[in-house]
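Q:
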Amino acid sequence: MEKYKPAKPKQKPANLKSPTVNILINVSIFLLTAAIIFMAYSLFLKLSYKGEEEFALPDTKGAEEIIQIDVRNGCGVSGVADRYTDYLRSKGFDVADIGNYISSDVDETLIIDRIGNMANAYKVASALGVRNENVIQQLNKDYFIDVSVVIGKDYFSLTPFK
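Under my numbering, the letters of the sequence shown match residues 3 to 164, in that order.
(1) Tell me the rounded alpha-carbon separation between ILE100 and ILE38.
(2) Counting along the chain, where does the beta strand (DSSP E) carrying SER80 start and finish?
(3) So does the region 131-138 actually touch the region 102-109, counting three or more Cβ pairs closer than 8 Å?
(4) If you follow the beta strand (DSSP E) that ASN122 is in, where does it begin and where does it stop?
(5) Would ILE71 pass as a contact of VAL126 if the rule is Cβ separation under 9 Å?
(6) What did DSSP end up calling VAL108 once you bin it into helix, strand or coil?
(7) First and last residue of the alpha helix (DSSP H) that includes SER30?
(8) For MET120, tell me which candidate among LEU141, ILE31, TYR157 and PRO162 has the shortest Cα-Cα distance.
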């Protein structure tokens with residue numbers, strides 16, 4: 003004999019016709035639609051914007067155009083390296099380090115190329131008024147700078163002090 007199983011009662015569908023549920027569903031649909039429209043508009047603006055930001059900063063330089071400099075005081079007069087640093091920064095150079103040279107008895111200011119790009123050293127020499135004969139090359143892979151400036155006893159005759 004088969005056992006009798008009572009019939010499962012049918013569940014009533016949710017009452018979607020109540021005014022509260024209808025209002026909540028309509029408000030949700032409206033808010034989601036507004037959010038989608040806002041995001042689509044924002045994406046459109048971002049993709050089609052040919053902004054003025056590219057033209058706002060004409061003096062910005064690429065990484066390959068920035069010359070990093072190490073300024074060393076080799077004349078023994080205090081404050082000279084700071085004055086040269088301020089001058090070089092005003093001319094657009096990136097002075098990464100300031101300090102004293104191993105000797106304080108350097109007669110003429112030297113510009114030392116550290117990475118094998120003499121053009122950068124000549125640019126610094128030109129900005130400071132240093133003669134091209136005083137531009138030398140000493141490659142050093144341990145330095146993370148392009149050019150070293152060693153200020154000599156002729157510091158007062160160069161451009162930053164004129």
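Glycine included, each C-beta is placed from N, C-alpha and C at the ideal position. Quantities reported herein were computed from a predicted structural model and do not represent experimental measurements.
A: Checking against the coordinates, here is how it stands:
(1) 55 Å
(2) Element bounds for SER80: n/a, residue is neither H nor E.
(3) no
(4) It is not in any beta strand (DSSP E) - ASN122 instead sits in the alpha helix (DSSP H) that spans 120-130.
(5) yes
(6) coil
(7) 21-50
(8) Comparing Cα-Cα distances from MET120 to each of LEU141, ILE31, TYR157 and PRO162, the minimum goes to LEU141.
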